[in-house]
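Heads up: the structure comes next, in structure tokens.
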Amino acid sequence: MAQVSAHSPSPTTAPASSLGAHLADPGPLGLAGFALTTFMLSCFNSGLAPKSAEVVVLSVALFYGGIAQLLAGMWEFAKGNTFGALAFSSYGAFWMAFWYLISHAKDLPTTGTDADKGVGVFLLAWTIFTLYMAVVASRISGALFILFAVLELTFICLTWGKFGGSTSMTKIGGYLGLVTALVAWYASFAGVLNGTAKRVILPTWPR
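Numbering (our numbering), first residue to last: 5 to 211.
Below, the structure written as structure tokens:
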């Protein structure tokens, strides 16, 4: 993600990295897709936008947060960046799964809190995934670590909100999601600005 790699290339991986050397950095695209989609959904989760209009997120979730981010992940594979490939491919799949989930909401249980608990399990799984990605991100750059740390807190609150039936926790998760989006936008902006200028203008605090 954004001109970083999870490990130094070894002699056995160098040829694969050279094959993708001609590719532009896909990090800013993946981060921008994640940021914009997270921002839109978080506006509804936080209550800043009416929940009844949440359906407008679906098209962005499928095409920008989903497909565009998945493509960024595939290009990261070509460039030999394991962390970026895993992150963008996985969160691209998350947004496509979200699109499918909301599109098929009518198939969820309608009695009691079963639907919320089902969504809670979905969010819990992504909370676990985000936790170990945050650990790895701490070895790459400060900007990425902040991004994944705030995203982890976002997922924790949203999961808590679903399992506990707490709208307050969901709103807190929504506000944390807005912070997550801003950090992701910053990292995306830094990647494209620094890459275009061929020098560091916005720092990402690499490790």
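Virtual Cβ for every residue (Gly too), placed ideally from N, Cα, C. None of the values given here were measured: they were computed from a predicted structure.
What is the DSSP secondary structure of residue i, reduced to helix, strand or coil?
i	result
S192	helix
P210	strand
K202	coil
A101	helix
D29	coil
A53	coil
G24	coil
L40	helix
L197	helix
L112	coil
Using the C-alpha atoms, what's the distance from residue j back to residue i?
i	j	result
V8	T117	For V8, the predicted structure reports a pLDDT of 45, less than 50, and the residue's modelled location is therefore unreliable. A value from the coordinates is still provided. For V8 and T117, the distance between alpha carbons rounds to 42 Å.
A89	A119	32 Å
W164	L155	14 Å
C237	A141	There is simply no residue 237 to check, as the chain begins at 5 and stops at 211 in what is shown.
W99	L66	6 Å
L180	R203	31 Å
G137	A72	For the record, residue 137 in the displayed sequence is Met; it is not Gly. Their Cα atoms are separated by approximately 20 Å.
A194	A129	30 Å
R211	A185	22 Å
L62	T42	12 Å
W209	A153	15 Å
C47	G199	30 Å
I182	N49	The residue asked about is misnamed: residue 182 is Leu in this sequence, not Ile. Each residue's alpha carbon lies about 10 Å from the other.
F38	K175	19 Å
G24	G31	14 Å
Compare the C-alpha of residue i against each of the options and name the closest.
i	options	result
G69	L33, T86, G168, G88	L33
H26	A82, M173, T134, V183	A82
L157	S145, F133, R143	F133
A97	G84, L75, L40, F87	L75
A197	G24, L23, A36	Note on identity: in this sequence residue 197 is Leu, with Ala being the wrong assignment. Per the Cα distances, A36.
Following the continuous alpha helix (DSSP H) through residue i, name the residue where it begins and the one where it ends.
i	result
V60	Here V60 belongs to no alpha helix (DSSP H), and DSSP marks it neither H nor E.
G77	73-83
Alpha helix (DSSP H) runs contained entirely in the segment 116-173, provided each spans 4 or more residues: The segment 116-173 contains these whole alpha helix (DSSP H) runs: 118-141, 146-168.
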